[in-house]
Amino acid sequence: MRIFHNYFNIYLYIEPLTDDDPDARVRYQIANCFCFLENYLNLITNQYTRVKDNREKSLSLPSYTWELNDTLNIMFGDLHFLFISIDKAYSLSIKLLSLLGEENAARSLSHSGDRMNAKHIRNNLEHMDEKLTSEDQKYREPWYSTSEYHSWFQIQWGSMNGDKIKLGNASFVIEETSFTELWETYDKILSIIENKYVLPNKEVVDRIWEGHKGPAWH
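Just so we're aligned, residue 29 is where the sequence shown starts under my numbering, counting upward by one.
This is the structure in structure tokens:
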């Protein structure tokens, strides 16, 4: 899994030298979105690691014990936040591509199969509780439940086979290749930022900030 730590090395080149610059607002937005994109991508890595560790731990625990129950509860919470982080990373990537003038790439990513699948799972996790008592007919469809007494919520709790989580008619494999699209998009965004802001502004910014930069991150 990857970790992303480029923001603090390049944000001074993205942000405008003065707030009067005609593109100042857009440059601040790009810098802020890039910062939070890295945060959510790193959260994906951290949640992925926690899910994997607790999945492995659960396999060694005896059945019908509170320790197993609590471990699975933690894993469920980590899976929920993993999908929230994935959805946020996609949204920020789409916003950044648009801010950088890559409208076609933004539209393509917005409707990509991987993005829509993760979004579907995140949305269903987020609204699970509503289906416990909902009278909406769609929650009685076969892929949700066979009857109003055999709830979809109960079926899906803990529905994980190996590395695959299944929610309704959607599934997601918890492995590194599932994040390839997000990582490739990040690399593209970073390359555009470097060519559009870092390289053209580096000499001037470095000269202005010489001796005034904060401590180096390591």
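All C-beta atoms, glycine included, are put in the ideal place defined by N, C-alpha and C. On a predicted model such as this, the values are computed, not experimentally measured, just so you know.
- If you draw a straight line from the Cα of threonine 99 to the Cα of serine 88, it is about 11 Å long.
- Around the beta carbon of arginine 53, fewer than 16 other beta carbons sit within 10 angstroms, so the residue counts as exposed.
- When C-beta atoms of the segment 135-148 are compared with those of the segment 219-239, fewer than three pairs fall below 8 Å, so the two segments do not count as touching.
- Separation of proline 243 and phenylalanine 104 (C-alpha to C-alpha, rounded to the nearest whole angstrom) is 38 Å.
- Per DSSP, valine 232 is one residue of the alpha helix (DSSP H) stretching across 227-237.
- The continuous beta strand (DSSP E) containing leucine 195 extends over residues 192-195.
- Around asparagine 229, the same chain offers Tyr41 as residues with beta carbons nearer than 6 Å, after the five sequence neighbours per side are excluded.
- Contact between leucine 137 and serine 121 holds, since their C-beta atoms are separated by about 6 Å, short of 8 Å.
- When Cβ pairs closer than 8 Å are counted between the two stretches, the segment 29-36 is seen to touch the segment 64-84, the count reaching three or more.
- Residue state for asparagine 189 is assigned as strand, using DSSP reduced to three classes.
- Just so you know, the alpha carbons of tyrosine 56 and phenylalanine 109 end up roughly 27 Å apart.
- At least 7 Å separates the beta-carbon of lysine 194 from that of valine 201.
- In the DSSP secondary-structure assignment, valine 201 is bridged to Lys192.
- When secondary structure is reduced to three states using DSSP, tyrosine 118 falls in the helix class.
- Only buried fits asparagine 82, as 16 or more other CB atoms lie within 10 angstroms of its CB.
- Taking the CA atoms as reference points, serine 206 sits about 42 Å from aspartate 48.
- Judged by DSSP in its simplified three-state form, phenylalanine 32 adopts coil rather than helix or strand.
- The distance from the Cβ of alanine 117 to that of leucine 210 is about 5 Å, consistent with a contact at the 8 Å cut-off.
- Contact between isoleucine 38 and valine 232 is absent: CB atoms are separated by about 14 Å, not below the 8 Å threshold.
- Per the coordinates, the alpha-carbon of lysine 224 lies some 31 Å from the alpha-carbon of phenylalanine 111.
- Under the three-state reduction of DSSP output, tryptophan 211 falls in the helix class.
- Within the same chain, and ignoring the five residues on either side of threonine 77 in sequence, the residues whose Cβ sits closer than 8 Å to its Cβ are Met29.
- Counting of Cβ neighbours within 10 angstroms places tyrosine 92 among the exposed residues, the total staying below 16.
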